[in-house]
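Count along the sequence shown from 1, add 129, and you get the number used in this note's numbering.
Glycine included, C-beta positions come from ideal geometry on N, C-alpha and C.
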Amino acid sequence: MPNKYFKPHESFDLNSHKYDVGILTGLKDGYEDNLFIKKVLELPELEYESYYLYHLDYFLSKEPQGEQEFFSFVWQIVLRRINYLEIKDPFNSSHALDVEIIEKLLHFQKYLRSIDQWDTQRTLPEIIADQQETIRKQQEEIAALKDEVKAAKKLETQEFINIADGYLLTFLDICLQIQDDTLLPDGKKELVLSQTQIVWCKMIAKYFREGGNEISLETIRRYFPADRKNPGSKYAKIPPQLKLFQLKPAKKRS
């Protein structure tokens, strides 16, 4: 039957692509499988994918829905060649070459297996075994996630710390002061340090209430700029009348 799967070497084309299948005089009908495999044997393993995709693109340009058909055709011609070589008389003069060819074709077949989306030539027990292995891994992942959730729940609470109504900003001012690098006696480091200010906002919104009411994350984040030295125009300052406390180091006791 005429070749329809592989891009042929055009007759006497001296500038043909190196993956084109055929010889100088072209591609004779019925020889496409032999010449496709011959090219496989000549290529380094790193080019298997490029070679396969080159001819797949050629076939899909004519048969847009034919990816599985193309794969099955390539799989079958490789499998038939391996089977043919394996049943040859091991004492014939070409045995050493046959073994070398089988080895190369098995490597190409390994590549084909890696892109097989249709479980070609796989037995039902093999498919079931793979599915069971997938299920086993998923069950292990679920068990690990359950352990993580269980550990996280130990730190959760249904209770809240209540801030007196009207004094939320006073509390925020204390949270800001406690991060100052001048608070400790040596004045060289902060008493508490966080990589970002949003962690303060989330902590307060999650675990605190004002007068028994929820605290809006968006409301309080305006008071915690990312860069406290250069807060920017969106930053909101604590009103002076609500700055009721001043944190400072205690005098050293003698």
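Query                                                                                                                                                                : Result
Helix, strand or coil: which one does DSSP assign to GLU319?                                                                                                         : coil
Go ahead and label TRP247 buried or exposed: buried means 16 or more other beta carbons lie within 10 angstroms of its beta carbon, across all protein chains shown. : exposed
What separation, rounded to the nearest whole angstrom, lies between the Cα atoms of GLU232 and LEU182?                                                              : 22 Å
If you drop the 5 nearest sequence neighbours on each side, which residues of the same chain put their C-beta closer than 8 Å to that of GLN250?                     : TRP204 and LEU208
Is ILE344 closer than 8 Å to ILE327 when the C-beta atoms are compared?                                                                                              : no
Check PRO378 in the structure and name its three-state DSSP category.                                                                                                : coil
What are the boundary residues of the alpha helix (DSSP H) that includes ILE327?                                                                                     : 327-336
Among ASP149, TYR134 and ILE206, which one has its Cα closest to the Cα of PRO193?                                                                                   : TYR134
Helix, strand or coil for PRO369 per DSSP?                                                                                                                           : helix
Starting from ASN212, trace the alpha helix (DSSP H) both ways and give me its first and last residue.                                                               : 196-215
TYR336 and ILE290 - do their beta-carbons sit closer together than 8 Å?                                                                                              : yes
Between the alpha carbons of TYR296 and PRO378, how many angstroms are there, rounded?                                                                               : 24 Å
So, with DSSP's three-state summary, where would you put ASN163?                                                                                                     : helix
Taking C-beta to C-beta, are LEU170 and ILE230 nearer than 8 Å?                                                                                                      : yes
Would you check if the distance between the CB atom of TYR180 and the CB atom of TYR148 is smaller than 8 Å?                                                         : yes
Straight-line CA distance for LYS275 to HIS236?                                                                                                                      : 42 Å
Can PHE200 and ASP259 be called in contact, C-beta distance under 8 Å?                                                                                               : no
Looking only at its own chain, which residues have a Cβ that is under 6 Å from the Cβ of GLN197, when we skip the five neighbours before and after it?               : TRP247
Classify GLU125 as helix, strand or coil using the three-state DSSP reduction.                                                                                       : Outside the shown range of the chain, which is 130 to 383, sits residue 125, and nothing can be said about it.
Would you mind working out which of ASP356, PHE141, ILE292 and ILE166 sits nearest ASN342, comparing C-alpha positions?                                              : ILE292
Hey, could you find the ends of the alpha helix (DSSP H) ILE152 is sitting in?                                                                                       : Here ILE152 belongs to no alpha helix (DSSP H), and DSSP marks it neither H nor E.
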